[in-house]
Amino acid sequence: GVFRSKDGGKTWQKVLYRNADVGAVDVSMDPNNPRILFATMWQTRRSFWNLSSGGPGSGLFRTFDGGDTWEELSGRNGLPDGVLGKIGASVSKVQRGRVYALIEAEGDKIGLYRTDNYGGRWIQVSQNRDLIHRPWYYTHVFADTGHADT
1208 GVFRSKDGGK
1218 TWQKVLYRNA
1228 DVGAVDVSMD
1238 PNNPRILFAT
1248 MWQTRRSFWN
1258 LSSGGPGSGL
1268 FRTFDGGDTW
1278 EELSGRNGLP
1288 DGVLGKIGAS
1298 VSKVQRGRVY
1308 ALIEAEGDKI
1318 GLYRTDNYGG
1328 RWIQVSQNRD
1338 LIHRPWYYTH
1348 VFADTGHADT
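The sequence shown begins at 1208 in my numbering and counts up by one.
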């Protein structure tokens, strides 16, 4: 899950949790407003002989209050529904409200998504499956710190 400390790490509070099979992957903060955060959760189980990626616990979440309350965005406003796997998220430093999400999903729902209003509406900007190969290792996205469209 996602944990938060308000005293420099002396104590920690669990602020976002799904279940024992789900872990947090990315937490991305808006550099213009540190109370706005996006977090991704991934349901997975890996053993010596198997990797199970995805399930009902996977999702993309947003908070406007520094983590006191979280809202799930998955399956809404243009984001894919159904079984989701690993998700990467990154808030743009250059363009206020812009967030990228790289989503492992079923069929043509897989790919890179973008919002320009903190998740009010998402558009799929790429269905390139090469972006999601081997999600265990590589499903991360980073917004360029100097150019809004990269």
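Every residue gets a Cβ at the ideal spot worked out from N, C-alpha and C, and that includes glycine.
**Message:** Going by DSSP, what residue range makes up the beta strand (DSSP E) through Ala-1246?
**Reply:** Position 39 of the sequence shown, counted from the start, is the residue given in the question as residue 1246. That run of the beta strand (DSSP E) goes 1240-1253.
**Asked** What's the gap between the Cα of Val-1229 and the Cα of Met-1248?
**Response** Stepping through the sequence shown from its first residue, residue 1229 is reached at position 22. Stepping through the sequence shown from its first residue, residue 1248 is reached at position 41. Their Cα atoms are separated by approximately 6 Å.
**Phe-1268 classed as buried or exposed, judged by whether at least 16 other C-beta atoms fall within 10 angstroms** = Residue numbering aside, residue 1268 sits at position 61 when the sequence shown is read from its first letter. By the 10 Å Cβ count, Phe-1268 comes out buried.
**Item:** Inter-residue CB distance, His-1347 and Asp-1233 (contact presumed, cutoff 8 Å)
**Value:** If you number the sequence shown from 1, residue 1347 lands on position 140. If you number the sequence shown from 1, residue 1233 lands on position 26. About 7 Å; that satisfies the 8 Å criterion.
**Message:** Let me make sure I understand the geometry here. Which of Gly-1273, Ser-1259 and Ile-1243 has the alpha-carbon closest to that of Ser-1212?
**Reply:** Along the sequence shown, read from residue 1 onward, the residue named residue 1212 stands at position 5. Nearest of Gly-1273, Ser-1259 and Ile-1243 to Ser-1212, Cα basis: Gly-1273.
**Request:** Less than 8 Å between the CB atoms is what I'm expecting for Ser-1297 and Ser-1235, so what's the real figure, rounded?
**Result:** For the purposes of this step, residue 1297 is identified with residue 90 of the sequence shown, where counting begins at 1. For the purposes of this step, residue 1235 is identified with residue 28 of the sequence shown, where counting begins at 1. Their Cβ separation, rounded to whole angstroms, is 5 Å, which keeps Ser-1297 and Ser-1235 in contact under 8 Å.
**Message:** Taking the straight line between their C-alpha atoms, what separation do you get for Gly-1261 and Ile-1310?
**Reply:** Residue mapping note: residue 1261 aligns to position 54 of the sequence shown, counting from 1. Residue mapping note: residue 1310 aligns to position 103 of the sequence shown, counting from 1. Whole-angstrom Cα-Cα distance: 11 Å.
**Asked** Does the distance from the C-beta atom of Leu-1286 to that of Tyr-1320 stay below 8 Å?
**Response** As a first step, residue 1286 is located in the sequence shown; it is residue number 79 there, counting from the start. As a first step, residue 1320 is located in the sequence shown; it is residue number 113 there, counting from the start. Against a cut-off of 8 Å, the Cβ pair of Tyr-1320 and Leu-1286 comes out as a contact.
**Asked** Looking only at C-alpha atoms, which of Ser-1265, Asn-1335 and Gln-1302 sits nearest to Gly-1353?
**Response** One-based indexing of the sequence shown puts residue 1353 at position 146. Among Ser-1265, Asn-1335 and Gln-1302, the Cα nearest to that of Gly-1353 belongs to Gln-1302.
**Message:** Since Glu-1313 and Gly-1289 should fall inside the 8 Å C-beta cutoff, what is the C-beta to C-beta distance between them, to a whole number of angstroms?
**Reply:** In the sequence shown, the residue the question calls residue 1313 occupies position 106. In the sequence shown, the residue the question calls residue 1289 occupies position 82. Going by Cβ atoms, the distance from Glu-1313 to Gly-1289 rounds to 5 Å, so yes, they are a contact pair.
**Item:** Length at least 3, wholly inside the segment 1266-1345: the beta strand (DSSP E) runs in chain order
**Value:** Scanning the segment 1266-1345 from its first residue to its last, the whole beta strand (DSSP E) runs of 3-plus residues come out as 1266-1270, 1294-1298, 1306-1310, 1318-1322 and 1329-1333.
**Asked** Among all the DSSP beta bridges, which residues are the ones paired with Val-1209?
**Response** Within the sequence shown, the letter at position 2 stands for residue 1209. As a beta-bridge residue in DSSP terms, Val-1209 pairs with Leu-1223.
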